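Let me begin by presenting the structure, written as structure tokens, before commenting on it.
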Amino acid sequence: MIEKYIPYIGKEFIDELFLISRKLKGIKVLHVNSTKEGGGVAEILNRLVPLMNELGIETDWQIIKGDRTFFNFTKKLHNLLHMPGKEEINSDEIVYYLKITYENMNQIDTENYDVIFIHDPQPMGLVIKKQPGQKWIWRCHIDTSTPDPKAWHFLENFLNAYDACIFHMPEFAYEGITIPTYIIAPSIDPLHPKHIELSQEEIINTLTRFGINPEKPIILQVSRFDRLKDPFGVLKAYKLVKKKYDCQVVLVGAFAPDDPEGEQVYKELLNFATGDKDIFILNLPPNSHKEINAFQRGATVVVQKSLKEGFGLVVSEAMWKAKPVIGSNVGGIKRQIVHGITGYLVNSIEGTAVRIRYLLANPEIRKTMGFHAKERVRHRFLIIRHLRDYLLLINRLLKNND
Amino acid sequence: MGNSFIFKTELWISKYTGIKVYTIRDFIEALKVIDKLSLFYHVYINMFKYHDLPVHYSNSFAYWLYKNNYILLAEKISAIDPVDYYDLEDLRRDLVHILETNYDEKIKRELTPFYFRKAERQILELGYQAKDLKEFIESFKNSSINSLFYHLITSKLEKKSLINDYSEWLISIGEAKKAEFINKLDIYSDNLYDIKKKILNILEDKK
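Shown next as structure tokens:
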């Protein structure tokens, strides 16, 4: 499997991975999270775990169990870590979290491992099983830059019992952390169906299947139907662009059946689009990877106009397809887009429109920016770099050669 | 170094130091005391991270100053060529001096924060070495740009030397002219893939 990455990054980088791995021969690594399928964490572990084994590092992946009450609480905790809300966590929920954590302690074998990666808050309490000599690492996949203080404090009690923690960006590391804090950006997998090469025919067929004209410029945003992704802002920018260019706008997203807010946003968007046949609001099933791939490859300009964003890896997904991306100057978007080189960072609807117009008017600039965008992802946001960072961290912690 | 050249590579991870600053004054004060590997991260590693892109500023200090509308300071800081240094304390002294002498203390405003990180480095031997020019060329072809980055730039800091590893070894085998050409390459202004091609041309006398 690992040799399949050579065409994307070169053999010499794979050779270096094997060099680090040799230093880790004989160790056992465990990853723990809360789901085997769905979501970015499971997606990355599905690939990382086999790759680590292929490199000769015995690596397992275990999932914690929990009931609806437990996961309702961890979902609430997740939201509150993202930003303060009307709700707050209460003592009954904390007691229940500890109860389920205790049950999982008996289910999840951590004793036979040298290094344990715990992903996100759900399995975080397992750290009370930590044994002398083991290295426990908490991998945070969410934006905790402005958390609800009470939710963060709850987390902090477990967090500082770990040997190290990892955030996507230093901005996400909130106060009170006393353990070594590493910064490792997330990544995309070029071998995932969402990112594999597609023929021009496949791209055109997908676009036409949804009624999109492949001959007419396409402005695309891929994101769930959420006001924080500012889909209405994208449509308003499109309306400004439309005065000068005969173009189409495609908003591709999904909403879960149990997400009333998502459904409401979707309906409002459909209402907004009424009467304009060049607006496409597409609610796709969660595993529409090839369709998303085709939309991103078929787009002329990709937009990510979020009002708030965690890392926003969807930006790198489009950049990997050699597309210039116009993104809001927030969160991880500003870490991915190099303004004026791989796309543009914008702060308003008008700013978005003017950059779209510029790129529609200048195909050569699009091509150059797209080239640089792809190169940026190749060096910074592919899974092999992510894997290498994990191996270096493991080596660092086990050898304690700070 | 002896007569054999041992090819190595350099990898790193980024560690957050916990230091963040909101003003130029605090930035200067932090620069005076931060770990040398923090300077290394923001100047050298950043240069590597962006070597293949035509960016306006290739170190993160200059980019932060630019984003916060300190254009003069950004320009002066970006004019520092890290390849000219072999001691990070000299680099620190020059950075602080430039900021102190060009910063107008009367302008006081809060900026977007700067987060100081540091690099945790790992130097690895690639497992091949060269005893003569022919072997050197073959091994060099298999080297990654991480390896070039180490031998051309950062090993100078370890040795406190102004001459890079390749040139030093080439001199030792009587290839002083090639060594000189390589040592004069403008690494700060070029990308490492092109630098690799240029070195190969020099080694194979195609220059």
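Sequence lines, in order, name chains A and B.
Counting in my numbering, the first sequence tops out at residue 402, every number present.
Counting in my numbering, the second sequence tops out at residue 1207, every number present.
We treat Cβ as the ideally placed atom computed from N, Cα and C, and that holds for glycine.
Since we're looking at a predicted model, the values are computed, not measured.
According to DSSP, simplified to helix, strand and coil, what is residue i?
i	result
SER1038 of chain B	helix
THR300 of chain A	coil
GLY1127 of chain B	strand
LYS36 of chain A	coil
VAL1055 of chain B	coil
LYS1015 of chain B	strand
ARG357 of chain A	helix
ALA254 of chain A	coil
ILE326 of chain A	strand
ASN46 of chain A	helix
PHE1007 of chain B	strand
ILE204 of chain A	helix
GLU171 of chain A	helix
GLY10 of chain A	coil
ALA185 of chain A	coil
LEU282 of chain A	strand
TYR1115 of chain B	strand
LEU55 of chain A	coil
LEU393 of chain A	helix
LEU382 of chain A	strand
LYS236 of chain A	helix
SER1147 of chain B	helix
HIS1047 of chain B	Looking at the sequence shown, residue 1047 of chain B is not His but Met. It is helical.
ASP230 of chain A	coil
PRO180 of chain A	coil
HIS192 of chain A	coil
GLU350 of chain A	helix
How far does the alpha helix (DSSP H) with residue i in it extend, from its first residue to its last?
i	result
SER1155 of chain B	1155-1159
SER91 of chain A	91-107
ASN1142 of chain B	1133-1142
ASN271 of chain A	260-273
MET71 of chain A	Before going further, note that residue 71 of chain A is Phe rather than Met in the sequence given. 68-82 is the span of the alpha helix (DSSP H), which, as asked, contains PHE71 of chain A.
SER1167 of chain B	1165-1172
ASN1102 of chain B	1088-1102
PHE1181 of chain B	1176-1183
MET319 of chain A	314-320
LYS1067 of chain B	1060-1067
Who are the neighbours of residue i on chain B, taking C-beta pairs under 9 Å?
i	result
ASN395 of chain A	GLN1122
VAL315 of chain A	In chain order: nothing, as chain B lies at least about 15 Å away.
ALA322 of chain A	In chain order: nothing, as chain B lies at least about 14 Å away.
HIS153 of chain A	What HIS153 of chain A touches in chain B: nothing, since even the nearest Cβ is about 18 Å away.
For residue i, return the contacting residues in chain A, with the cut-off set at a CB-CB distance below 7 Å.
i	result
ASP1052 of chain B	GLU375 and HIS379
SER1014 of chain B	TYR182 and ILE183
How would you list, in chain order, the residues of chain B whose beta-carbon sits under 8 Å from the beta-carbon of residue i?
i	result
ILE20 of chain A	LEU1011, GLN1122 and LEU1124
LEU392 of chain A	LEU1011, TRP1012, ILE1013, GLU1120 and GLN1122
HIS141 of chain A	Under the 8 Å cutoff, chain B gives no residues; its nearest Cβ is about 16 Å from HIS141 of chain A.
Which partner residues of residue i appear in the DSSP bridge assignment?
i	result
THR1023 of chain B	Bridge partners of THR1023 of chain B: none, in fact.
PHE117 of chain A	A:HIS31 and A:ILE137
TRP152 of chain A	According to DSSP, TRP152 of chain A bridges with nothing at all.
HIS339 of chain A	A:GLY343
ASP60 of chain A	A:LEU30
ARG1121 of chain B	B:TRP1012
GLN248 of chain A	A:ILE218
Cβ closer than 9 Å: which chain A residues qualify as neighbours of residue i?
i	result
LYS1198 of chain B	Those do not exist, as LYS1198 of chain B stays about 18 Å from chain A at its closest Cβ, beyond 9 Å.
SER1189 of chain B	Result: empty, since nearest Cβ-Cβ is about 16 Å, beyond 9 Å.
ARG1117 of chain B	PRO170 and ILE183
Along chain B, which residues have their Cβ under 7 Å away from the Cβ of residue i?
i	result
VAL115 of chain A	Under the 7 Å cutoff, chain B gives no residues; its nearest Cβ is about 14 Å from VAL115 of chain A.
ILE341 of chain A	LEU1053, PRO1054 and VAL1055
ARG405 of chain A	Outside the modelled stretch of chain A, which goes from 1 to 402, sits residue 405 of chain A, for which no answer is possible.
PHE13 of chain A	SER1144
ALA173 of chain A	TYR1016
Can you tell me where the beta strand (DSSP E) with residue i in it begins and where it stops?
i	result
ALA164 of chain A	164-167
ILE1071 of chain B	From DSSP, ILE1071 of chain B is part of no beta strand (DSSP E) but of the alpha helix (DSSP H) over 1071-1078.
HIS1199 of chain B	The sequence given here places Ile at residue 1199 of chain B; His does not occur at that position. Careful: ILE1199 of chain B lies outside any beta strand (DSSP E), inside the alpha helix (DSSP H) at 1192-1203.
TYR220 of chain A	Before going further, note that residue 220 of chain A is Leu rather than Tyr in the sequence given. Start and end: 218-222.
Give the interface partners of residue i over in chain A, defined as CB-CB distance under 8 Å, in chain order.
i	result
LYS1049 of chain B	HIS379 and ARG380
At a threshold of 7 Å, does residue i count as lining the ligand SAM (C-beta to nearest heavy atom)?
i	result
ALA173 of chain A	Among the components of this structure there are no ligands whatsoever, and the ligand SAM is therefore not found.
Near-chain A residues of the stretch 1017-1046 of chain B (beta-carbon distance less than 9 Å), N- to C-terminal order: If the cut-off is 9 Å between Cβ atoms, the stretch 1017-1046 of chain B has THR1017, GLY1018 and LYS1020 near chain A.
Output, in sequence order along the chain, the residues in the stretch 1137-1157 of chain B whose CB is closer than 7 Å to any CB in chain A. Only those residues of the stretch 1137-1157 of chain B whose C-beta falls short of 7 Å from the nearest C-beta of chain A are listed: ASN1142, SER1143, SER1144 and ASN1146.
For the stretch 66-82 of chain A, list every residue whose C-beta sits within 8 Å of some C-beta in chain B, in sequence order. Against chain B - using a Cβ distance shorter than 8 Å - the stretch 66-82 of chain A contributes no residues.
Within 8 Å of chain B by C-beta, residues of the stretch 326-350 of chain A in sequence order: Hits within the stretch, in order: VAL338, GLY340, ILE341 and THR342.
Residues of the stretch 27-57 of chain A whose Cβ lies closer than 8 Å to any Cβ of chain B, in chain order: Flagged: no residues at all.
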